[in-house]
Amino acid sequence: MHQANSLQKVDSYKVGVGHMKELMPTMVEAYHHFTVACFAPGALNEKQKQLIALGIGLFANNEVCTLYHVQEALAKEASRQEILEATAMASAVTSGHAMSQGVTRVEQALDSLT
């Protein structure tokens, strides 16, 4: 049931993009070409790029992006271990983000308000 729900969310996204393409074909096609170019193998292979995208999706708290990039990482033969390591890295960066804001912006706010 949970897997079906996840697949439905990704499918809903794809349907939504299809509707948008009907109204704005040039924009959607440009976006598609851009993302295809970004995910093409280069210095990083496609699996590595999907794992990076997964981490960014988690950081952005984007459920559909997260589900989509888990699917794509699996399709690029990422192991469960690799996917979970990418998830752990996203967690580390997320907590690092909060810490960096805490020791900079919050400290600055405290200095200016007290």
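The numbering used here puts the first residue of the sequence shown at 1, with every later residue one more than the last.
Glycine included, every Cβ here is placed at the ideal spot set by N, Cα and C.
Source: prediction; values computed, not measured.
If you check the beta carbons only, do E82 and K49 fall under 9 Å apart? no
What's the call for G42, buried or exposed, on a 16-neighbour Cβ count within 10 Å? exposed
Would you mind reading off the limits of the alpha helix (DSSP H) that contains A43? Careful: A43 lies outside any alpha helix (DSSP H) and carries neither H nor E.
Exposed or buried, V103, counting other C-beta atoms within 10 Å across all chains shown (16 or more means buried)? exposed
Given a threshold of 16 other Cβ atoms within 10 Å of its Cβ, counted over all protein chains shown, does H69 qualify as buried or as exposed? buried
Enumerated in chain order, which unbroken segments of the alpha helix (DSSP H) with a length of 4 residues or greater are wholly contained in the stretch 19 to 93? Runs of the alpha helix (DSSP H) spanning 4 or more residues and lying entirely within the stretch 19 to 93 occur at 25 to 39, 46 to 59 and 63 to 75, in chain order.
Exposed or buried, which one is A109 when buried takes at least 16 other CB atoms within 10 Å? exposed
Kindly indicate which three-state DSSP category T114 falls into: helix, strand or coil? Three-state result, T114: coil.
One question on the structure: do F124 and V93 come within less than 9 Å of each other, judged by their Cβ atoms? Look at the range of the chain in this structure, 1 to 114, and you will see that residue 124 is not part of it.
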